[in-house]
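*Asks:* Below you'll find the structure I mean.
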Amino acid sequence: MIEVTDVVKQFGGFRAVDGATLRIKTGSITGLVGPNGAGKTTLFNVIAGALPPTSGRVRMDNEDITGLAPHVLFHKGLLRTFQIAHEFSSMTCRENLMMVPGHQSGETLWNAWFGRARIEQEEATLLKKADEVLEFLTISHLKDEKAGNLSGGQKKLLELGRTMMVDAKIVFLDEVGAGVNRTLLNTIGDAILRLNKERGYTFCMIEHDMDFIGRLCDPVIVMAEGRVLAEGTIDDIKANEQVIEAYLGTGLKNKAANA
Amino acid sequence: MIDFLNALVVLANFVLVPAIAYGSQLALGALGVTLIYGILRFSNFAHGDTMAMGTMGVIFATWWLQSLGVSFGPLPTALLALPFGIAFAIALTLGTDRLVYRFYRAQRAKPVILVIVSMGVMFIYNGLTRFIIGPGDQRFSDGERFIISAREFKQMTGLREGLAIKTTQGITLVTAIIVVIVLFWFLNRTRTGKSMRAYSDNEDLALLSGISPERVVMVTWLIVAALATIAGTLYGLDKSFKPFTYFQLLLPIFAAAIVGGLGNPLGAIAGGYLIAFSEVGITYAWKKVLRYLLPENLEPSTLMQLLGVEYKFAVSFALLVVVLLFRPTGIFKGKSV
Ligand SMILES: Nc1ncnc2c1ncn2[C@@H]1O[C@H](COP(=O)(O)OP(=O)(O)OP(=O)(O)O)[C@@H](O)[C@H]1O
Ligand SMILES: [Mg+2]
Chain R
1 MIEVTDVVKQ FGGFRAVDGA TLRIKTGSIT GLVGPNGAGK TTLFNVIAGA
51 LPPTSGRVRM DNEDITGLAP HVLFHKGLLR TFQIAHEFSS MTCRENLMMV
101 PGHQSGETLW NAWFGRARIE QEEATLLKKA DEVLEFLTIS HLKDEKAGNL
151 SGGQKKLLEL GRTMMVDAKI VFLDEVGAGV NRTLLNTIGD AILRLNKERG
201 YTFCMIEHDM DFIGRLCDPV IVMAEGRVLA EGTIDDIKAN EQVIEAYLGT
251 GLKNKAANA
Chain G
260 MIDFLNALVV LANFVLVPAI AYGSQLALGA LGVTLIYGIL RFSNFAHGDT
310 MAMGTMGVIF ATWWLQSLGV SFGPLPTALL ALPFGIAFAI ALTLGTDRLV
360 YRFYRAQRAK PVILVIVSMG VMFIYNGLTR FIIGPGDQRF SDGERFIISA
410 REFKQMTGLR EGLAIKTTQG ITLVTAIIVV IVLFWFLNRT RTGKSMRAYS
460 DNEDLALLSG ISPERVVMVT WLIVAALATI AGTLYGLDKS FKPFTYFQLL
510 LPIFAAAIVG GLGNPLGAIA GGYLIAFSEV GITYAWKKVL RYLLPENLEP
560 STLMQLLGVE YKFAVSFALL VVVLLFRPTG IFKGKSV
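Structure representation (structure tokens):
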């Protein structure tokens with residue numbers, strides 16, 4: 001379980017996240033929605049250790065993980081993808097995926113020279129796994145392509161693929177579905193459901209496509225202007241007046257000021 | 260025909276052989292600069308003085324070995340002393356990183372700030388070297404001086420011109436080839452090497468893939484210290500060791516790294532040779548070569564030297580400016596500067 005308590009992230013004088021408090025239950029696929037600029041990505045950055053929060057705490061399974069570096073969180077089983085896909089552009093897709101499990105026995109220089117047999121065995125396992133993931137994501141034909149040459153949607157798939165290379169506990173997905181065509185979107189949706197059911201991954205996903213959210217997520221959390229506005233099932237959310245207003249852009253603050 | 264051969268020998272003797280040796284030294288130096296740029300993301304102005312420090316370590320170890328009566332036969336004792344110098348340089352760079360750079364990394368300091376910091380480190384290394392070993396010239400090469408001397412070559416071939424290849428020039432080339440092969444094997448075949456490349460390619464993603472930045476940084480300093488010591492020692496054996504000269508080497512080394520494409524190891528090597536050949540070629544008096552090639556009445560009356568040797572640094576500088584104007588990422592597409 002992830003518990004976010006009163007997290008504030010300030011850029012200069014601007015509060016991108018303004019006292020957000022929320023919980024992500026173990027085993028759930030939690031949706032995070034909200035208008036553009038609501039602070040969703042910034043909140044992900046704080047949780048995943050890319051940005052230190054101005055104030056507030058983040059806990060994972062009752063352990064305080066506030067401000068821990070991303071590679072430390074990785075080894076605790078917390079992974080994330082980027083809204084704007086990242087990749088090791090000069091490496092092939094397969095190599096990109098094979099980079100993921102951080103360090104294993106290849107770790108020491110000693111091993112690099114003298115433990116070749118074991119490393120080769122590990123590499124073979126990794127390679128097999130990478131190929132399975134690529135197959136699963138329907139991009140096996142791209143395995144030897146340099147990741148820098150992929151299209152935007154393909155890069156998104158590769159991002160998702162990264163999270164499948166290790167046994168993660170919780171994965172934060174930042175708009176994995178954006179820019180991906182319908183058929184592929186269904187594939188991604190299936191992948192997420194399967195990882196959740198078969199491998200016990202907890203997901204928290206930012207998404208703008210309400211149908212996609214509706215199909216996968218329960219509960220759904222709505223953010224607006226850096227705060228959590230509402231939480232509930234997709235139907236609750238759709239019926240929530242405040243949420244509709246936030247999306248229509250009346251702005252909460254105006255309303256508060258008028259009241 | 261004989262004239263042509265003579266011209267070729269003169270060319271080899273005064274241009275090819277020295278430029279290949281000098282180019283190998285620059286290439287090793289530029290590799291160090293380019294690795295730091297690719298991974299720690301700043302231009303390390305202290306690199307020339309890191310070379311000087313490492314070489315100083317090698318010199319002391321050489322003297323010590325010589326005092327024990329150890330020698331390496333026809334090869335310079337300094338080669339045996341290399342591991343000591345490298346160990347010293349590693350201690351130095353890791354110590355500096357711990358004391359200085361790590362602080363700025365934790366602050367996520369901008370590259371410009373790190374460059375200025377590295378200048379401070381440069382002045383300190385520079386002062387330390389002069390304080391410990393003195394500002395003067397040190398010769399520390401021993402063993403056989405030539406693989407082949409001009410006289411032997413003339414006797415062997417019967418040509419009028421001689422070709423001399425110094426032992427140090429041969430060693431430089433062989434060592435450089437070995438070092439480059441090992442380095443590329445490391446970067447492309449080992450997991451640590453691959454994670455260094457990954458880190459250089461996309462730092463955020465590397466962290467997210469569980470790669471520890473401190474480890475990558477540490478391994479980088481290890482490699483850079485070794486490269487700097489080897490480059491400095493080869494240069495010192497070939498020419499001589501003088502702290503100020505090493506400081507001056509910074510310009511051609513940076514020129515090599517930038518011309519080749521900063522952050523790109525292949526580029527550093529290409530850049531090293533390109534700078535060396537340009538520098539030697541442009542400051543060489545071509546009269547002697549042309550004398551053999553042209554008919555007698557066309558024999559040049561001047562030395563046919565484009566620039567005096569004292570202007571050799573201008574060559575690196577000019578090349579640098581031209582490349583930055585027309586191809587800012589360098590020949591091999593490094594990161595843009
Ligand atoms: N590094 C930064 N420096 C300054 N402002 C920032 C920074 N990162 C984000 N912001 C601002 O914080 C606000 C929230 O941005 P964020 O990316 O978190 O929104 P989001 O909810 O992910 O929006 P979208 O749905 O468009 O992705 C925006 O107004 C943005 O301009
Ligand atoms: Mg976003």
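From first to last, the protein sequence lines stand for chains R and G. Everything in the first sequence is counted per our numbering, starting at 1 for the first residue and increasing by one. Everything in the second sequence is counted per our numbering, starting at 260 for the first residue and increasing by one. No residue lacks a Cβ here, since even glycine has one placed at the ideal position from N, Cα and C. These numbers come from a predicted model, not from an experiment.
What is the DSSP secondary structure of residue 83 of chain R, reduced to helix, strand or coil?
*Replies:* It is coil, neither helix nor strand.
*Asks:* Where in the stretch 423-459 of chain G do unbroken runs of the alpha helix (DSSP H), each at least 4 residues long, occur, reported from the N-terminal end onward?
*Replies:* Segments of the alpha helix (DSSP H) lying fully in the stretch 423-459 of chain G: 426-448.
*Asks:* So residue 89 of chain R contacts chain G; which residues on that side make the cut at Cβ distance below 7 Å?
*Replies:* Correct list: 460.
*Asks:* What are the start and end residues of each continuous beta strand (DSSP E) run of 3 or more residues lying completely inside the stretch 157-211 of chain R, in chain order?
*Replies:* Here the runs fully enclosed are 170-174, 202-206.
*Asks:* Is the closest heavy atom of ligand 1 to the C-beta of residue 30 of chain R under 6 Å?
*Replies:* False, no ligand heavy atom lies under 6 Å from that Cβ.
*Asks:* I want to see whether chain G comes within less than 7 Å of residue 208 of chain R, judged by CB atoms only; does it?
*Replies:* No, because no Cβ of chain G sits closer than 7 Å to the Cβ of residue 208 of chain R.
*Asks:* Are the stretch 194-209 of chain R and the stretch 170-182 of chain R in contact at 8 Å, needing three or more beta carbon pairs?
*Replies:* Taking 8 Å as the limit for Cβ pairs, the verdict is that the stretch 170-182 of chain R does touch the stretch 194-209 of chain R.
*Asks:* Within the same chain, show all residues whose beta-carbon is closer than 6 Å to that of residue 34 of chain R, passing over the 5 residues directly before and after it, in chain order.
*Replies:* So the qualifying residues of the chain are 40, 222, 223, 224.
*Asks:* List the endpoints of the continuous beta strand (DSSP E) containing residue 414 of chain G.
*Replies:* Note, residue 414 of chain G: premise wrong, no beta strand (DSSP E); alpha helix (DSSP H) at 409-416.
*Asks:* For ligand 1, is there any heavy atom lying closer than 6 Å to the beta carbon of residue 81 of chain R?
*Replies:* Residue 81 of chain R Cβ: outside cutoff for every heavy atom of ligand 1.
*Asks:* Just to confirm my understanding: we take residue 1 of chain R, look at its own chain, exclude 5 residues before and 5 after, and list those with CB closer than 7 Å. What are they?
*Replies:* Excluding sequence neighbours, residue 1 of chain R sits near 23, 24, 25, 26, 61.
*Asks:* Only counting the same chain, and skipping five residues up and downstream in sequence, which positions put a Cβ closer than 8 Å to that of residue 69 of chain R?
*Replies:* Same-chain partners within the cutoff: 49.
*Asks:* Please classify residue 199 of chain R as buried or exposed, where buried requires at least 16 other C-beta atoms within 10 Å of its C-beta.
*Replies:* Residue 199 of chain R should be labelled exposed.
*Asks:* If distances are taken between C-alpha atoms only, which option among G/361, G/287, G/328, G/390 comes closest to residue 503 of chain G?
*Replies:* Among G/361, G/287, G/328, G/390, the Cα nearest to that of residue 503 of chain G belongs to G/390.
*Asks:* Tell me the rounded alpha-carbon separation between residue 266 of chain G and residue 563 of chain G.
*Replies:* When rounded, the distance between both Cα atoms is 15 Å.
*Asks:* Taking C-alpha atoms, which residue in R/128, R/180, R/29, R/3 lies nearest to residue 84 of chain R?
*Replies:* Residue R/180 is the option with its Cα nearest to residue 84 of chain R.
*Asks:* Under the assumption that residue 373 of chain G contacts residue 363 of chain G (Cβ atoms under 8 Å), give the Cβ distance between them as a whole number of angstroms.
*Replies:* Contact holds; Cβ gap of about 6 Å.
*Asks:* Grab the span of the beta strand (DSSP E) containing residue 9 of chain R for me, first residue to last.
*Replies:* Per DSSP, residue 9 of chain R belongs to the beta strand (DSSP E) from 2-11.
*Asks:* In chain G, which residues lie with their C-beta within 9 Å of the C-beta of residue 50 of chain R?
*Replies:* Those within 9 Å of residue 50 of chain R in chain G are 463, 466, 467.
*Asks:* Of all Cβ atoms in chain R, is any one closer than 7 Å to the Cβ of residue 286 of chain G?
*Replies:* It does not: the Cβ of residue 286 of chain G has no partner Cβ on chain R nearer than 7 Å.
*Asks:* Could you tell me whether any non-hydrogen atom of ligand 2 is closer than 6 Å to the CB of residue 40 of chain R?
*Replies:* Within the cutoff, so yes.
*Asks:* In three-state DSSP terms, what is residue 155 of chain R?
*Replies:* Residue state, collapsed to three classes: helix.
*Asks:* So if DSSP puts residue 58 of chain R in a beta bridge, which residue, or which two residues, is it bridged to?
*Replies:* Paired residue(s): R/4.
*Asks:* Mind checking the stretch 174-207 of chain R against chain G and listing, in chain order, the residues whose C-beta falls within less than 7 Å of any C-beta there?
*Replies:* Here the close residues number zero.
*Asks:* Do you know how far the Cα of residue 361 of chain G is from the Cα of residue 233 of chain R?
*Replies:* When rounded, the distance between both Cα atoms is 47 Å.
*Asks:* Mind checking which residues open and close the alpha helix (DSSP H) that includes residue 222 of chain R?
*Replies:* Careful: residue 222 of chain R lies outside any alpha helix (DSSP H), inside the beta strand (DSSP E) at 220-224.
*Asks:* Looking at residue 443 of chain G and ligand 1, is the gap between the Cβ and the nearest heavy atom below 6 Å?
*Replies:* Not so, every heavy atom of ligand 1 lies at least 6 Å from the Cβ.
*Asks:* Residues in the same chain with beta-carbon distance under 8 Å from residue 325 of chain G, minus the five sequence neighbours each way, listed in chain order, please.
*Replies:* Cβ neighbours of residue 325 of chain G beyond the five flanking positions: 336, 401.
*Asks:* Identify the continuous alpha helix (DSSP H) that holds residue 396 of chain G and give its terminal residues.
*Replies:* It is not in any alpha helix (DSSP H) - residue 396 of chain G carries neither H nor E in the DSSP assignment.
*Asks:* Assign residue 125 of chain R to one of two classes, buried (16 or more other C-beta atoms within 10 Å of its C-beta) or exposed (fewer than that).
*Replies:* When all chains shown are included, residue 125 of chain R counts as exposed.
*Asks:* Am I right that residue 272 of chain G and residue 421 of chain G are in contact with their C-beta atoms under 8 Å? What's the rounded C-beta distance?
*Replies:* Sure, about 7 Å apart at Cβ, within 8 Å.
*Asks:* Between residue 106 of chain R and chain G, is the shortest Cβ-Cβ distance under 7 Å, so that the two count as touching?
*Replies:* The predicted position of residue 106 of chain R is uncertain, since its pLDDT is 49 and thus under 50; no value can be drawn from it.
*Asks:* Given a cut-off of 7 Å on the beta-carbon distance, is the pair residue 262 of chain G and residue 551 of chain G in contact?
*Replies:* For residue 262 of chain G and residue 551 of chain G, yes; Cβs fall inside 7 Å.
*Asks:* Could you tell me which uninterrupted beta strand (DSSP E) segments, each at least 3 residues in length, are contained entirely in the stretch 270-321 of chain G, listed from first to last along the chain?
*Replies:* For the stretch 270-321 of chain G, not a single whole beta strand (DSSP E) run of length 3 or above is found.
*Asks:* Does the stretch 283-292 of chain G come close enough to the stretch 486-497 of chain G to have 3 or more Cβ pairs within less than 8 Å?
*Replies:* Judged by Cβ distances under 8 Å, the stretch 283-292 of chain G makes contact with the stretch 486-497 of chain G, as three or more pairs qualify.
*Asks:* Based on Cα-Cα distance, which residue from R/130, R/212, R/171 lies nearest to residue 182 of chain R?
*Replies:* When each option's Cα is compared against that of residue 182 of chain R, the closest is R/212.
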